[in-house]
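The opening residue of the first sequence carries number 6 in my numbering; numbering runs sequentially from there.
For every residue, glycine included, the Cβ atom is placed at its ideal position computed from N, Cα and C.
Take a look at the structure set out below.
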Amino acid sequence: MDGVDKIFDSYAKNGLFENKAVLQANYTPETIPHRNKQIESVASILAPTLKGEKVSNLFVYGKTGTGKTLSVQHVGNRIEKRVKDSGDKKLRFLYLNCKLKKVADTEYRIIAELINKLGGKIPATGLPTDSVYKKFVEMVDSEKQVIILVLDEIDQAVEKISDGFIYSLTRLNSELVNSQICLIGISNSVTFMDNLDPRVRSSLGEEELVFSPYNALQLQDILRERANQAFKKGAVGDGIIAKCAAYAAREHGDARRALDLLRVSGELAEREGGNKILEKHIDAANSKIDRDKMVDIIESEPKQFQLVLKAIINLNDKKEGGGIYTGEVYNEYQNICEKTKSEVLTQRRIGDILAEFDMLGVINAKVISKGRQGRTREIKLMLSPNIREETDKILADALGN
DNA sequence: AGGTATTCACATGAAACTATTCTCTGAGTTAGG
DNA sequence: TAACTCAGAGAATAGTTTCATGTGAATACCTGT
């Protein structure tokens with residue numbers, strides 16, 4: 006009876022989870038608490054499709070984890086079911102997440118993916134975009150039907166491609182003879198609409214819907230409902246739910262985060278062999294989630310990014326507290342490249358890489374002007390000590406030294 | 001002293017280039033009738 | 001003659017370089033008191 010057996014034993018005996026899938030990100034719950042109003046709005050906007058009538062395009066926005074995607078999909082499923090039951094009208098509900106890398110982050114791939122969902126076939130590459138587009142129109146228009154097209158994280162798509170793409174989609178209706186198409190855009194950036202072509206804005210934003218963040222009490226309701234299904238009885242106290250909710254509420258009311266927190270807490274408690282989640286598990290889970298996320302990011306970053314990060318870390322160690330500037334980073338970066346015999350990129354490119362690190366929250370870079378000493382980014386490394394440790398390991402590993 | 005003009009060290013943008021990935025096409029090759 | 005193979009053409013993407021333009025404020029330079 007060694008340690009491994011002991012682990013297996015205790016796992017089999019007192020697993021905390023009844024059904025862990027309930028807490029996972031892709032789970033679709035039966036009910037969606039505190040979103041009735043929004044769901045009804047979506048439903049009333051989409052209702053005309055049941056009669057095959059033209060409906061307004063809809064634009065939905067709200068922070069991550071506020072139930073946007075869930076609500077829209079919920080309504081979509083209901084409509085589809087309804088249509089299937091009554092059986093006369095043809096209606097397709099297409100959901101597409103534009104952020105998924107390698108699936109739908111270019112114009113070509115988005116349309117190709119849509120064609121796939123419609124049941125058509127298209128090679129992953131090798132065809133001119135407009136012929137793919139033509140094929141799409143053809144497929145849509147091949148019979149009399151209504152198509153509800155949901156583009157999730159649409160802001161990502163526009164950033165990568167251009168808004169001309171969406172413009173042509175919104176204008177699609179005029180090209181279609183038989184069918185109707187209804188566009189639903191989902192975005193978590195409120196400002197996304199502002200720097201959009203006015204024509205696109207007006208046609209996409211015929212109807213708008215805002216999902217505001219959940220507050221702590223609402224999060225508690227959500228958690229409680231899911232916890233009931235996910236855990237065995239008695240595993241979760243009420244204080245635990247409240248604490249998870251409070252943590253997540255602090256982070257702009259992100260329900261996904263709250264659920265993650267609960268799940269990871271459960272996993273930690275289980276691993277310790279306990280039969281109950283304790284408060285300390287939540288704290289541990291909280292930092293574990295942050296750490297895992299960051300480590301994941303750094304680990305999966307391409308080599309050049311890691312070299313730049315290494316340069317920043319070196320400088321950070323060398324001059325405790327003092328500001329780090331782009332030029333310094335570039336010099337240090339060049340040194341490291343020389344040592345590791347890597348290709349050296351231009352300063353222009355390093356600037357972009359720094360901006361991306363800033364976006365990811367690895368560093369905090371503020372553009373400041375030092376007067377006669379020019380304009381530059383003032384960079385602060387944002388890795389907490391325990392993440393820092395892991396990072397060093399990863400970098401040493403990846404860069405071989 | 002107070003007001004302008006300079007100037008620095010990059011930031012930020014746009015366009016062009018490169019390497020790689022993928023499919024399709026058609027020529028040439030092979031195998032079977 | 002049909003089936004098969006394989007190089008090359010065309011297209012798209014990611015990552016980068018090249019060229020161009022922008023910019024906030026410390027400093028240098030005036031100006032008139």
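* Asked: Can at least three beta-carbon pairs, one atom from the segment 55-66 and one from the segment 253-271, be found at a separation below 8 Å?
  -> no
* To do: Whole angstroms is fine: what's the gap from Glu-180's alpha carbon to Val-372's?
  => Locating residue 180 in the first sequence gives position 175, counting from the first residue. Locating residue 372 in the first sequence gives position 367, counting from the first residue. Taking the straight line from one Cα to the other gives about 47 Å.
* Taking the CB atoms as reference points, tell me whether Tyr-138 and Ile-116 lie closer together than 8 Å. => Taking the first residue of the first sequence as 1, we reach residue 138 at position 133. Taking the first residue of the first sequence as 1, we reach residue 116 at position 111. Against a cut-off of 8 Å, the Cβ pair of Ile-116 and Tyr-138 comes out as a contact.
* To do: Can you tell me the Cβ-Cβ gap for Leu-99 and Val-155, rounded? I've got them flagged as a contact below 8 Å.
  => Numbered from 1 along the first sequence, position 94 holds the residue referred to as residue 99. Numbered from 1 along the first sequence, position 150 holds the residue referred to as residue 155. Between Val-155 and Leu-99 the Cβ distance is about 7 Å, and since that is below 8 Å, they are a contact.
* What whole-angstrom Cβ distance do Ser-374 and Arg-380 have, given they're in contact under 8 Å? -> For the purposes of this step, residue 374 is identified with residue 369 of the first sequence, where counting begins at 1. For the purposes of this step, residue 380 is identified with residue 375 of the first sequence, where counting begins at 1. About 5 Å; that satisfies the 8 Å criterion.
* What residue range is occupied by the uninterrupted beta strand (DSSP E) comprising Ala-370? -> To locate residue 370, count along the first sequence from 1; it is residue 365. Looking at the DSSP string, the run of the beta strand (DSSP E) that includes Ala-370 is 368-374.
* To do: With distances taken Cα to Cα, identify the nearest neighbour of Thr-33 among Ala-48, Gly-72 and Pro-53.
  => In the first sequence, the residue the question calls residue 33 occupies position 28. When only C-alpha atoms are compared, the closest one is Gly-72.
* To do: With a 10 Å radius around its C-beta and 16 neighbouring C-beta atoms as the bar for buried, classify Ala-274 as buried or exposed.
  => Here residue 274 refers to the residue found at position 269 of the first sequence. Ala-274 comes out buried.
* According to DSSP, is Ser-179 helix, strand or coil? -> On the first sequence, position 174 is the one that residue 179 refers to. In this structure, Ser-179 counts as helix in the three-state DSSP scheme.
* What are the boundary residues of the alpha helix (DSSP H) that Cys-1 is part of? -> Outside the modelled stretch of the chain, which goes from 6 to 406, sits residue 1, for which no answer is possible.
* Is the Cβ-Cβ distance between Ala-316 and Val-334 less than 8 Å? -> Position 311 of the first sequence, counting from 1, holds the residue named residue 316. Position 329 of the first sequence, counting from 1, holds the residue named residue 334. Yes; because the gap between Cβ atoms is below 8 Å, this pair is in contact.
* Asked: Taking Cβ to Cβ, would you say Leu-222 is nearer than 8 Å to Ile-246?
  -> Taking the first residue of the first sequence as 1, we reach residue 222 at position 217. Taking the first residue of the first sequence as 1, we reach residue 246 at position 241. Against a cut-off of 8 Å, the Cβ pair of Ile-246 and Leu-222 comes out as no contact.
* Asked: Which of helix, strand or coil does DSSP assign to Arg-261?
  -> Position 256 of the first sequence, counted from the first residue, corresponds to residue 261. Three-state result, Arg-261: helix.
* **Sufficient close CB pairs (3 or more, under 8 Å) joining the segment 63-70 to the segment 214-221** => yes
* To do: Would you mind stating whether Arg-296 and Asn-233 have Cβ atoms separated by less than 8 Å?
  => Position 291 of the first sequence holds residue 296. Position 228 of the first sequence holds residue 233. Against a cut-off of 8 Å, the Cβ pair of Asn-233 and Arg-296 comes out as no contact.
* Might you give, ordered along the chain, the residues of its own chain that have their beta carbon closer than 6 Å to the beta carbon of Glu-343, omitting 5 neighbours on each side? => By 1-based counting over the first sequence, the position of residue 343 is 338. None.
* Check whether the Cβ atoms of Gly-271 and Leu-224 lie closer than 8 Å to each other. => Residue 271 sits at position 266 when you count from the first residue of the first sequence. Residue 224 sits at position 219 when you count from the first residue of the first sequence. No, the Cβ-Cβ distance between Gly-271 and Leu-224 is not below 8 Å.
* To do: Measure the C-alpha to C-alpha separation of Val-349 and Glu-361 and round it to an integer number of angstroms.
  => Sequence index remark: in the first sequence, residue 349 carries index 344 (1-based). Sequence index remark: in the first sequence, residue 361 carries index 356 (1-based). Going by the C-alpha atoms only, they are around 18 Å apart.
* Asked: Is Gln-309 near the ligand HEM, with its Cβ less than 7 Å from a heavy atom?
  -> Here there are no bound small molecules, and the ligand HEM is not part of this structure.
* What residues in its chain sit with their C-beta under 8 Å from that of Glu-158, if we drop five residues either side in the sequence? -> For this step, residue 158 is matched to residue 153 along the first sequence. If we look at Glu-158 and ignore the five residues flanking it on each side, its Cβ neighbours are Asn-102, Cys-103, Lys-104, Ile-191, Ser-192 and Asn-193.
* **Cβ-based burial, Ala-401 [other Cβ within 10 Å; buried from 16]** => Your numbering for residue 401 matches position 396 in the first sequence. Ala-401 is exposed by the Cβ-count criterion.
* Among Ala-260, Gly-278, Gly-244 and Leu-312, which residue has its Cα nearest to the Cα of Ile-287? -> Position 282 of the first sequence, counted from the first residue, corresponds to residue 287. Here the closest residue by C-alpha is Gly-244.
* **First through last residue of the beta strand (DSSP E) which encompasses Val-313** => Locating residue 313 in the first sequence gives position 308, where the first residue counts as 1. Premise fails: Val-313 lies in the alpha helix (DSSP H), 308-323, not in any beta strand (DSSP E).
* The beta strand (DSSP E) enclosing Tyr-32, as first and last residue numbers -> Along the first sequence, one-based indexing puts residue 32 at 27. Note, Tyr-32: premise wrong, no beta strand (DSSP E); not H, not E.
* To do: In angstroms with no decimal places, state the Cα-to-Cα distance between Gln-161 and Leu-123.
  => Within the first sequence, residue 161 is the residue found at index 156, counting from 1. Within the first sequence, residue 123 is the residue found at index 118, counting from 1. Cα to Cα, the separation comes out at about 23 Å.
* Continuous beta strand (DSSP E) stretch holding Thr-69: start and end -> Position 64 of the first sequence, counting from 1, holds the residue named residue 69. Counting along the chain, Thr-69 falls outside any beta strand (DSSP E), and DSSP gives it neither H nor E.
* What's the gap between the Cα of Gly-332 and the Cα of Leu-365? -> As a first step, residue 332 must be located in the first sequence, where it is residue number 327. As a first step, residue 365 must be located in the first sequence, where it is residue number 360. One C-alpha to the other measures close to 21 Å.
* **Element boundaries [alpha helix (DSSP H), containing Ile-50]** => For the purposes of this step, residue 50 is identified with residue 45 of the first sequence, where counting begins at 1. Unbroken alpha helix (DSSP H) run through Ile-50: 41-51.
* If you draw a straight line from the C-alpha of Glu-395 to the C-alpha of Val-27, how long is it? -> Here residue 395 is taken as the residue at index 390 of the first sequence, counted from 1. Here residue 27 is taken as the residue at index 22 of the first sequence, counted from 1. Their backbone Cα atoms lie some 31 Å apart in a straight line.
* Keeping to the same chain, check which residues put their C-beta closer than 7 Å to that of Pro-307; ignore five residues upstream and five downstream. => The residue you call residue 307 lines up with position 302 of the first sequence. Excluding residues within five positions, none has a Cβ falling inside 7 Å.
* Asked: In the structure shown, what three-state DSSP assignment does Leu-188 receive?
  -> Translated into the one-based positions of the first sequence, residue 188 becomes position 183. Here Leu-188 sits in strand by DSSP.
* Helix, strand or coil for Asp-7, going by three-state DSSP, please let me know. => Along the first sequence, one-based indexing puts residue 7 at 2. Residue state, collapsed to three classes: coil.
* **The beta strand (DSSP E) enclosing Phe-98, as first and last residue numbers** => Numbered from its first residue, the first sequence carries residue 98 at position 93. Taken as a continuous stretch (DSSP letters only), the beta strand (DSSP E) holding Phe-98 covers 96-102.
* Check whether the Cβ atoms of Ala-370 and Ile-384 sit closer than 8 Å, and answer yes or no. => Working through the first sequence from its first residue, we reach residue 370 at position 365. Working through the first sequence from its first residue, we reach residue 384 at position 379. Yes, the Cβ-Cβ distance between Ala-370 and Ile-384 is below 8 Å.
* If you draw a straight line from the alpha carbon of Leu-386 to that of Glu-212, how long is it in whole angstroms? -> Residue mapping note: residue 386 aligns to position 381 of the first sequence, counting from 1. Residue mapping note: residue 212 aligns to position 207 of the first sequence, counting from 1. Those two C-alpha atoms are separated by around 42 Å.
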